[in-house]
Amino acid sequence: MSVLATRDLIIDVPGREGGTSLNITIEPGQVWGVLGPNGAGKTTLLHTLAGLQAPRSGSVELNDLALGQLRHRHVAQRLGLVFQDRQDGFPATVLETALIGRHPYLSPWQMEGADDYARAEAALERMDVAHLGDRLVSTLSGGERQRVAIATVLTQAPNVWLADEPTNHLDLHHQSAVMALMADQAAQGQAVIMCLHDLNLAARWCDHVLLLYPNGEACWGPRDSMLVPSALESLYRQKLAVVEVDGAPVFVPIKE
Amino acid sequence: MLARLGLPLSLLLLAALAALLLALGVGSAKISPAQIWDLLQGEGDALARTMVMELRLPRALSAFAVGGLLAVAGALMQVLLRNPLADPYVLGLSGGASIGALAAMLGGLGGLAISSSAFSGALFSTFLVFGLAHGSGGWTPSRLLLTGVVVAAGWGAVITLMLALSPAERLPGMLYWLMGDLSYARTPWPPLLLLLATCVVLIPLGRSLNVLARGPQQAAALGVAVRPLEWCIYVTASLLTAAAVTTAGSIGFVGLVVPHMLRLLLGNDQRLILPACALAGGTLLVLADTLARTMIAPEQLPVGVITALLGVPTFLFLLYRSR
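For the protein sequence lines, the chains are A and B, in the order given. Start counting at 1 in the first sequence, then tack on 649, and there's your number in my numbering. Start counting at 1 in the second sequence, then tack on 302, and there's your number in my numbering.
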């Protein structure tokens with residue numbers, strides 16, 4: 650169990666002055682959705698939470714200790730990040746890619762053992778890409794690569810998931826499967842924070858929402874207090890119609 | 303897992319031993335493997351013993367060490383820049399070393415002075431490229447690669463200028479140095495020990511290098527201290543190249559072809575690729591040097607010509623066949 654918290658955090662978005670200081674505590678079992686228009690700083694926020702990018706001010710704390718004071722390896726055992734864009738370095742197979750999720754747990758002299766392979770294979774199975782194990786990642790479709798990326802973090806088994814648009818490139822079935830996986834992780838006591846563009850996924854699967862405005866202002870709270878049509882319309886500068894399906898609101902953009 | 307590493311490495315080790323045996327046996331006087339065994343035990347004909355132990359063995363071991371150093375340096379640079387075209391020479395290292403060596407030759411110096419001048423040239427070029435690529439912000443792989451390529455082109459022009467201005471009697475020696483030549487190699491031990499030490503040091507870093515090869519951000523997210531690791535790779539690769547160039551002049555293609563070939567055959571696990579590069583690079587250069595000194599004996603060819611003539615078609619064939 651790990652608790653991720655921000656103290657007076659202002660993320661460092663180039664060319665932006667000021668903004669709301671974020672004081673958020675993300676408890677185990679919670680699923681947070683970060684919503685905002687393009688360029689609002691959603692990815693910057695996730696990278697700052699993961700310790701990959703320095704904040705302009707304030708700090709990020711994991712179990713009451715600032716990320717900067719913790720060892721990289723210790724942080725990587727607890728925080729897992731699903732990147733929005735794939736950085737394809739050298740060619741690697743699907744299984745090799747998932748297996749690097751075990752890196753934070755192995756000592757420098759240690760080779761991956763049967764247990765590490767079993768975890769990677771189970772993660773690939775869970776993401777429905779086990780049959781691609783020997784294929785090179787560069788030969789996969791966009792959606793398959795996205796599932797391999799999620800399987801890598803699943804192999805890493807973090808307490809806190811930071812997922813940057815985890816449903817990118819996925820078909821409808823796999824979108825639901827990924828959101829179900831996130832909910833499942835939260836039910837097992839992990840915390841999940843994800844950037845989303847699909848309001849309806851946020852409405853259905855998140856229990857907390859953070860709205861991030863282009864000028865750096867932000868507000869956050871339980872889902873139902875945040876997903877108010879008027880607030881969302883000003884956030885996206887887009888008129889919305891709301892209908893109810895299956896007990897959850899569905900937001901549809903409408904013509905002006 | 304160990305078997306996966308063990309089998310290819312044992313095969314490469316056998317190939318390396320066979321290549322060394324061939325290099326000891328072939329030449330102006332042929333010596334059979336059985337005779338070599340006797341000679342190594344300190345028995346047999348005194349003349350043959352001198353030839354093998356004092357001429358052929360040091361030269362073959364030097365070739366092995368230089369080939370290994372260049373291949374490992376190439377493999378490291380490729381991980382650092384995540385670009386299969388990266389090669390220590392592309393980054394201007396050999397250019398800097400060549401200027402140092404040629405200047406020493408022009409000044410009429412010989413032996414150790416040429417080596418140390420080449421070594422200083424290589425290190426100077428390293429820091430020049432890294433400093434310029436760093437600039438005011440951080441460096442990116444493409445910026446480092448471009449800076450290296452441009453600096454190398456600059457060195458190329460200076461080399462041509464030096465050749466044009468140098469007296470005719472010095473030209474052959476300079477040209478041979480530029481094309482790589484192992485007949486200058488004296489004691490093989492410093493580069494061999496450096497190669498061995500590097501391989502041992504790199505074993506525990508192997509998995510971090512694998513993660514780095516997936517991209518710096520991914521590596522950072524998995525707990526790798528990216529900047530220190532990148533510095534370590536760059537400095538190590540530069541030192542290895544400088545040591546190789548100092549021993550044998552500038553020999554191209556080994557650092558580019560060997561790692562790429564091994565990646566196509568063995569996959570991209572650096573824990574396997576780096577020691578495999580040391581063995582295969584060494585074997586390749588031992589064979590190339592044996593060819594270089596026997597093909598038109600008693601004349602010798604520059605070994606760099608052989609590595610290029612062997613390397614280019616092999617590389618193109620593998621590239622054509624690859625997925």
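Ideal placement from N, C-alpha and C gives every residue a C-beta, glycine not left out. Note that the coordinates shown come from a computational prediction; the quantities given were computed from them, not determined experimentally.
Distance check between V588 (chain B) and each of B:A599, B:A318 and B:L314 places B:A318 closest, using alpha-carbon atoms only.
Rounded to the nearest whole angstrom, the C-alpha separation of G423 (chain B) and L463 (chain B) is 17 Å. The beta-bridge partner set that DSSP reports for C855 (chain A) is empty. For a cut-off of 8 Å, the C-beta gap from N672 (chain A) to T655 (chain A) is around 6 Å, short enough to register as a contact. The Cβ-Cβ distance between W457 (chain B) and G394 (chain B) falls below 8 Å. By the CB criterion at 8 Å, G554 (chain B) and G475 (chain B) fall outside the cutoff. Under the 8 Å criterion on CB atoms, I673 (chain A) is classed as non-interfacial with respect to chain B. At least one C-beta of chain B is nearer than 8 Å to the C-beta of W758 (chain A). Chain-order list of chain B residues neighbouring V724 (chain A): G525, by C-beta distance under 7 Å. Q736 (chain A) is classed as exposed because its beta carbon has fewer than 16 other beta carbons within 10 Å across all chains shown. Distances from the alpha-carbon of L586 (chain B) to those of B:A599, B:S444 and B:T616 put B:T616 closest.
Within the region 708-740 of chain A, those residues whose Cβ lies closer than 7 Å to any Cβ of chain B are, in chain order, H721, R722, V724, A725, L730, F732, Q736, G738, F739 and P740. Residues of the region 685-707 of chain A with a C-beta less than 7 Å from any C-beta of chain B: A699 and L701, listed in chain order.
When secondary structure is reduced to three states using DSSP, V891 (chain A) falls in the strand class. The beta carbon of A772 (chain A) sits closer than 8 Å to those of A747, G750, A800, T801, L803 and T804, all from its chain and outside the five residues before and after it, given in chain order. Judged by their CB atoms, L744 (chain A) and D777 (chain A) are not nearer to each other than the 8 Å cut-off. A direct Cα-to-Cα measurement between A523 (chain B) and R722 (chain A) gives close to 9 Å.
Here the C-alpha atom of A321 (chain B) lies approximately 20 Å from the C-alpha atom of L576 (chain B). Secondary structure note for R775 (chain A): its alpha helix (DSSP H) is the uninterrupted segment A763 to R775.
Proximity of chain A to P506 (chain B) at the Cβ level (cut-off 8 Å) is accounted for by P757 and W758, in chain order. Using a Cβ-Cβ cut-off of 9 Å, R472 (chain B) is close to nothing in chain A; its nearest Cβ partner there is about 44 Å away. The distance from the Cβ of V652 (chain A) to that of P677 (chain A) is about 7 Å, consistent with a contact at the 8 Å cut-off. Between H562 (chain B) and Q520 (chain B), the alpha-carbon positions lie close to 23 Å from each other. In the three-state reduction of the DSSP assignment, V652 (chain A) falls in the coil class, being assigned neither a helical nor a strand state. Proximity of the region 376-388 of chain B to the region 536-550 of chain B meets the contact definition, three or more beta-carbon pairs being nearer than 8 Å. When CB distances to chain A are screened at a threshold of 9 Å, not a single residue of the region 361-376 of chain B falls below it.
The C-beta of H752 (chain A) comes closer than 8 Å to at least one C-beta of chain B. When DSSP assignments are scanned along the region 812-844 of chain A, the uninterrupted stretches of alpha helix (DSSP H) that are 4 or more residues long and fall wholly within it turn out to be 821-836. Cβ-Cβ separation between V724 (chain A) and D813 (chain A): approximately 17 Å, too far for a contact (criterion under 8 Å).
Cβ atoms of V453 (chain B) and S427 (chain B) come within 8 Å of each other, at about 7 Å.
Listed along the chain, the chain A residues whose CB falls inside 7 Å of the CB of A515 (chain B) are G738 and F739. Any Cβ of chain B closer than 8 Å to the Cβ of I842 (chain A) would place that residue at the interface, and such an atom is absent. By the criterion of at least three beta-carbon pairs nearer than 8 Å, the region 760-767 of chain A is not in contact with the region 687-707 of chain A. Counting only runs of 4 or more residues that sit fully inside the region 542-617 of chain B, the alpha helix (DSSP H) segments are 556-568 and 572-596, in chain order. Taking 8 Å as the Cβ-Cβ cut-off, the region 775-805 of chain A approaches chain B at L785, T788 and Q805, given in chain order.
For the 8 Å CB-CB criterion, G517 (chain B) and G792 (chain A) do not form a contact.
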